Amino acid sequence: MISIQNKKQRVRRMKKTERKNILIIGFAIFAMFFGAGNLIFPPYLGLMNGKSWFLSFLCFILMDIGLSLLTLLVVTRIGRGTEGITEKLGRLPSILILSLNAICLGPLIAIPRTAATAYEFSVAPFFPSFDTKIFSLVFFLVVVLFCLRQSKVIDIIGTFFAPLILAALLFLIIKGIVSPLGAIELESAAHAAVRDGINAGYQTMDVMAAMIFSASILLTIKQKGYKDTRSQFKIISASGLLATLILFVVYGGLAYLGATVCAQFPADIDRVALLIAIVKALLGEKGMVLLGALVCAACLTPAIGLLSSSASFFEKQTKGRISYRAFVFGFAGISYVISNFGITRILALASPILNILYPVLVLLVFMGLAEKWLPNTAVYRLAAFGTIVVSTLSTVSAYLPVPVNIAALPLYEYGFQWVLPAAAFGLTGYILTKEKPARGRRIFGNIVVRT
């Protein structure tokens with residue numbers, strides 16, 4: 000009798016611990032994906048689409064957090080880390096793509112951008128003459144301090160930063176709902192709302208972040224005692240759903256705030272200026288202090304997550320010959336130098352690289368989802384090749400003339416002009432892959448013929 004009671008108590012404790020873990024990890028996922036860049040997209044969508052703001056917002060969140068959550072789930076289900084998604088391209092292409100992703104979202108682009116953005120919002124409006132280099136130094140010292148406790152990074156973000164960010168956002172959104180800034184009068188075609196939402200969600204490129212964040216998230220889950228793929232998938236699913244619900248409320252609220260001022264600002268208003276104007280209208284000049292603190296926290300969380308994850312990735316690639324701490328300090332130093340170039344230069348550097356790399360990663364996530372139906376490596380390699388060709392031509396066409404009319408490809412207006420070429424190349428690989436499993440038979444894709 001006593002043993003049965005003890006068993007029930009253990010089960011209750013385990014369930015309580017599991018709920019706590021899901022809560023912390025879910026909040027951490029929310030905070031890491033809710034960067035300062037994502038803060039400016041929803042209000043602009045609301046402004047542009049007026050009465051169709053909710054439709055546009057739904058498309059945005061589907062392409063942003065929807066794809067990101069799918070990436071986390073696919074990486075977990077495959078069970079071989081991010082390498083499980085790219086390994087069928089071959090060892091060298093796999094390492095190259097994952098390394099480029101880690102470098103771009105690490106010291107080269109994303110981390111420096113967080114510091115530059117934090118300065119522009121949190122310091123420049125109040126102390127315009129404050130030295131950028133000093134702010135960046137303090138910013139990265141704080142980031143490094145949190146990253147040094149590798150096993151606690153997700154817990155720190157989920158228990159400390161995420162609740163503060165969420166509280167500030169909810170305060171702003173509730174204020175805008177209780178005291179709306181204007182009537183939503185603008186009529187917008189459903190087609191335009193869908194297009195704007197898909198484009199904005201796709202442009203966040205959060206699939207790249209999900210690829211690199213997955214390492215830190217899975218490390219935390221394993222350290223909490225979930226060793227097998229099934230239990231890890233369960234925790235990731237529940238935590239990801241919680242993060243999605245939070246982001247749904249937050250992004251939806253911000254899009255609504257933008258819709259309430261659709262009659263007050265022109266369509267060509269700068270997105271940052273729009274956010275600042277909304278905050279000032281709702282909270283006055285003092286609201287800028289809240290916005291500054293919010294953006295600073297929203298920049299710190301992805302910076303901590305990205306630095307820790309990229310350092311973990313390269314420690315794994317070097318098989319521990321270069322330590323996690325060495326990569327943390329090294330990447331923080333590189334990020335510090337690049338952050339002082341300013342947001343404009345960082346984005347100018349980032350755009351071409353990201354526009355080529357991102358479609359390939361999105362493709363590989365969907366192919367990973369259908370892994371058991373795609374047994375041939377040629378399918379992966381040719382589909383990825385077709386995607387890279389089209390995304391490279393699309394990127395180059397923004398600067399130089401190219402011999403192909405990229406704009407004529409289907410789904411161009413949504414940024415998915417690479418889908419049809421990827422499908423065509425992948426199908427070619429599926430058909431032409433030849434194996435000889437038995438004498439007198441040959442396999443073309445999955446079609447067996449006698450010879």
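Residue numbering for the sequence shown follows numbering that gives the first Met the number 0, beginning at 0 and increasing consecutively.
All C-beta atoms in this analysis are idealised placements derived from N, C-alpha and C, irrespective of residue type, glycine included.
Given the structure is predicted, the values throughout are model-derived calculations rather than measurements.
- When secondary structure is reduced to three states using DSSP, Val278 falls in the helix class.
- In this structure Val137 is exposed. Its beta-carbon is surrounded by fewer than 16 other beta-carbon atoms within 10 angstroms.
- Residue environment: Pro402 is assigned as exposed (fewer than 16 neighbouring CB atoms within 10 Å of its CB, all protein chains considered).
- Counting along the chain, Cys295 sits inside the alpha helix (DSSP H) bounded by residues 286-316.
- Between the alpha carbons of Phe365 and Val359 lies a distance of about 10 Å.
- The three-state reading of DSSP puts Asn375 in coil, since its state is none of H, G, I, E or B.
- For Gln222, the uninterrupted alpha helix (DSSP H) segment begins and ends at 205-222.
- In the DSSP assignment, Val327 falls within the alpha helix (DSSP H) that extends over 323-338.
- DSSP places Thr432 in the coil class of the three-state scheme, outside both helix and strand.
- Counting other Cβ atoms within 10 Å of its Cβ, Asp195 reaches 16 or more and is therefore classed as buried.
- Here Ile197 carries a helix assignment [DSSP, helix/strand/coil].
- Secondary structure note for Leu72: its alpha helix (DSSP H) is the uninterrupted segment 66-77.
- With 16 or more other CB atoms across the displayed protein chains lying within 10 angstroms of its CB, Glu86 is buried.
- By the neighbour-count criterion, in which 16 or more other beta carbons inside 10 Å mark a residue as buried, Phe160 falls on the buried side.
- Taking Ile173 as reference, the option from Val73, Val249, Lys279 with the minimal CA-CA separation is Val249.
- Of all alpha-carbon atoms in Trp417, Val260, Glu284, Tyr398, the one lying nearest the alpha-carbon of Glu184 is that of Val260.
- Take the alpha-carbon of Asp269 and the one of Leu281: they are about 19 Å apart.
- The straight-line gap separating the alpha-carbon atoms of Ser393 and Pro409 is approximately 13 Å.
- When Ile333, Leu46, Val327, Ile64 are compared, the shortest CA-CA separation from Ala262 is found for Leu46.
- Classified as buried, Lys223 has 16 or more neighbouring CB atoms from the shown chains inside 10 Å of its CB.
- The C-beta of Leu399 has fewer than 16 other C-beta atoms within 10 Å across all chains shown, which makes the residue exposed.
- Buried is the label assigned to Phe312, since at least 16 other Cβ atoms lie within 10 Å of its Cβ.
- Straight-line spacing of the CA atoms in Leu140 and Arg18 works out to 33 Å.
- Thr300 counts as buried, since at least 16 other C-beta atoms from the protein chains shown sit within 10 angstroms of its C-beta.
- The three-state reading of DSSP puts Thr113 in helix, counting H, G and I together.
- Taking a cut-off of 8 Å for Cβ pairs, the region 70-88 and the region 286-305 do not touch, as fewer than three such pairs fall below it.
- Collapsing the DSSP output to three states places Trp52 in a helix.
- Excluding five sequence positions before and after Cys58, the CB atoms of its chain that fall closer than 7 Å to its own CB belong to Val193, Gly196, Ile197, Gly200, given in chain order.
- DSSP assignment within the region 115-164 yields the following whole alpha helix (DSSP H) runs of 4 residues or more, N-terminal first: 131-146, 152-155.
- For Asn375, same chain residues with a beta-carbon under 8 Å away, outside a window of 5 residues either side, are Gly428, Tyr429, Thr432, Gly444 in chain order.
- Judged by DSSP in its simplified three-state form, Ala382 adopts helix.
- From the listed residues Asp154, Gly283, Ala189, Ala347, the smallest Cα separation to Ser238 is found for Asp154.
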